[in-house]
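Here's the structure we're looking at; comments come further down.
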Amino acid sequence: MGTEMKKIVINGGLPLYGDISVSGMKNAALPIIFASILTKDKCVIENLPEVSDVTLSLEILHSMGATVKMLNRNTVEVDTTHFVGGSSPYELVSKLRGSTYLLGAELGRFGEARVGFSGGCDFGTRPIDQHKKGFEALGAVMTIENGCNHIVTGPGGLCGASIYFDIASVGATINVILAAVMTPGRTTIDNAAREPHIVDLANFLNMCGARISGAGTSFIKIQGVERLHGCNYTIIPDMIEAGTYMAAAAAAGGRVTVRGIIPKHMETVTAKLLEMGVEVDECDDSIVVSRTSPLQHANIKTYFYPGFPTDMHPQFSALLAMASGTSTVTEGVFENRFRYVDELKKMNADISVDGRTATIVGPAHLTGAPVKAVDLRGGAALVIAGLAAKGKTEICNVEYIERGYDNIVGKLRGIGADISLVDIPDAVVEKAN
Ligand code: UD1
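When you line the sequence shown up against this note's numbering, it's residues -19 to 413, in that order.
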């Protein structure tokens, strides 16, 4: 029991200097991995981040009959020729949110899907009514059966349709694209999500022979094609990972070059850092972040892209805790994303939450503490706080952080952080349980 348990230990207070490289985007990798089901062919996907959500997604495909071969640490060859629809293992799909993409991909390939409820971070209820609305507009019928979402093609078959989302959901946009690419006729999605990973998915599918246009805008058009074929594709850089390291540099001070990014994707994060008095210089595919003066307070509202990303919310709360004056962070995407707040408070942050808004009074002199990651980005916020805090911070539940950050400990060590991944002895884990 518990032999795998680890914690991150940080001795904070050291400024960060040097270069840090960004991996491929997790939230683009997941839909692209599941989209490979539609090709019934071999796809080579490059620049995959080495994170547990990606590993799990590949395990799901493998367990359903796909051949999955790692060509190197960041490149996988997936052959879905012998993929078997309807056979997803609940113990794997229930561990991540991205497994909902099986619904659209299996519906598109087999005209039917049966998938257990997906997992993912807990930010309050995460309904899939917009996914259902899209599938049903295409002619499918979706029900809940024996603890699974079951979708089947209705009596009239699947046919292109006009869909208007009530909310610009990333997951629903991806799922409808997956279901529609091989559905006869023309499908349009209005009020579609505009996130860069939607564009990446569309680029991947178009390289496989799909006809999708308008991705990256709120109106996407899809002309159904009869079949897709495999391709070689490189995933875009992870803007949330990049933003996290930019926030870390701003928190700890020093001068850090974040490499391998698309600066356009970083605009909202960059603007907020500038507002807080951080120096940010943009180059072609890197950004230099340095801080020499105290941080200034700021107000943030998270929103759908190109708004400030909800996935950068907790990291910025950690940063704002150190800024002078009163700041607010208002969550505009998820109803409850504040579970990290209690942990930051243990490190001396002064944060109170009312409804969807956190009020942060600074400057707090953060002090190291034993804390626990409560979700992926909440965990990243603790790392940022730990880097800037005086003394030792020990973060448990590291598995949340490993879902979305490729080698976070090694990368931060590379820019001078005193951070390590340490085994928690079995005895301690059992006692804690
Ligand atoms: C994805 C990302 C997640 C990110 C989020 C917003 C993945 C695996 N996860 O999650 O990291 O934080 O986008 O950028 O890519 N909603 C509905 N009905 C629906 C679908 C969504 O009401 O059918 C609501 C959700 O409750 C939420 C909002 O829409 O309030 C946005 O959700 P959505 O964009 O779908 O996020 P995910 O795809 O779950």
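All C-beta atoms in this analysis are idealised placements derived from N, C-alpha and C, irrespective of residue type, glycine included.
key: Candidates I(-12), D(-1), A344, A9, of which the one nearest I215 by Cα   = Checked all of I(-12), D(-1), A344, A9; the closest Cα to I215 is A9.
key: Exposed unless 16 or more other CB atoms sit within 10 angstroms - verdict on M327   = Sixteen is the threshold: when 16 or more other Cβ atoms of the shown chains lie within 10 Å of the Cβ of M327, as they do, the residue is buried.
inquiry  = Given 7 Å as the limit, tell me if P164 has its C-beta closer than that to any heavy atom belonging to the ligand UD1.
reply    = For P164, the shortest C-beta to heavy atom distance toward the ligand UD1 is 7 Å or greater.
task = Along the beta strand (DSSP E) that carries E374, what are the first and last residues, could you check?
result = 371 to 376
task = Please confirm whether P350 and L181 have their CB atoms less than 8 Å apart.
result = no
query = For N126, which beta-bridge partners are listed by DSSP?
reply = Answer by DSSP bridge pairing: none, since N126 is not bridged.
Delimiting residues of the beta strand (DSSP E) encompassing F184 = Premise fails: F184 lies in the alpha helix (DSSP H), 176 to 187, not in any beta strand (DSSP E).
task = Check whether the Cβ atoms of H277 and T306 lie closer than 8 Å to each other.
result = yes
message = Taking only three categories from DSSP, how would you classify G114?
response = helix
ask   = Fully enclosed by the stretch 265 to 318, which alpha helix (DSSP H) runs are 4 residues long or longer?
value = 293 to 301
C-alpha gap between R77 and G99, whole angstroms = Each residue's alpha carbon lies about 5 Å from the other.
inquiry  = Suppose contacts are defined by Cβ-Cβ distances below 8 Å. Is M256 in contact with L275 by that definition?
reply    = yes
Residue environment, N52, which counts as buried when at least 16 other CB atoms sit within 10 Å = exposed
ask   = Straight-line CA distance for K325 to I331?
value = 7 Å
inquiry  = For R317, count the other beta carbons within 10 Å of its own beta carbon; 16 or more makes it buried, fewer makes it exposed. Which is it?
reply    = buried
inquiry  = Would you say the beta carbon of H111 is closer than 7 Å to some non-hydrogen atom of the ligand UD1?
reply    = yes
key: Three-way DSSP call (helix, strand, coil) for E86 in this model   = helix
key: Span separating the alpha-carbon of T431 from that of E382   = The structure shown does not extend to residue 431, since the chain spans only -19 to 413, so no value can be given for it.
message = Rounded to whole angstroms, what is the Cα-Cα separation between V354 and A303?
response = 24 Å
inquiry  = Any heavy atom of the ligand UD1 inside 7 Å of the beta-carbon of I280?
reply    = Between the ligand UD1 and the CB of I280, the shortest heavy atom gap is not smaller than 7 Å.
request  = Note down the Cα distance separating N186 from F115, rounded to an integer number of angstroms.
outcome  = 21 Å
task = Note down the Cα distance separating T80 from R319, rounded to an integer number of angstroms.
result = 24 Å
ask   = How about S150: is its Cβ closer than 7 Å to a heavy atom in the ligand UD1?
value = In the sequence on display, residue 150 carries Val and not Ser. At least one heavy atom of the ligand UD1 is nearer than 7 Å to the Cβ of V150, so yes.
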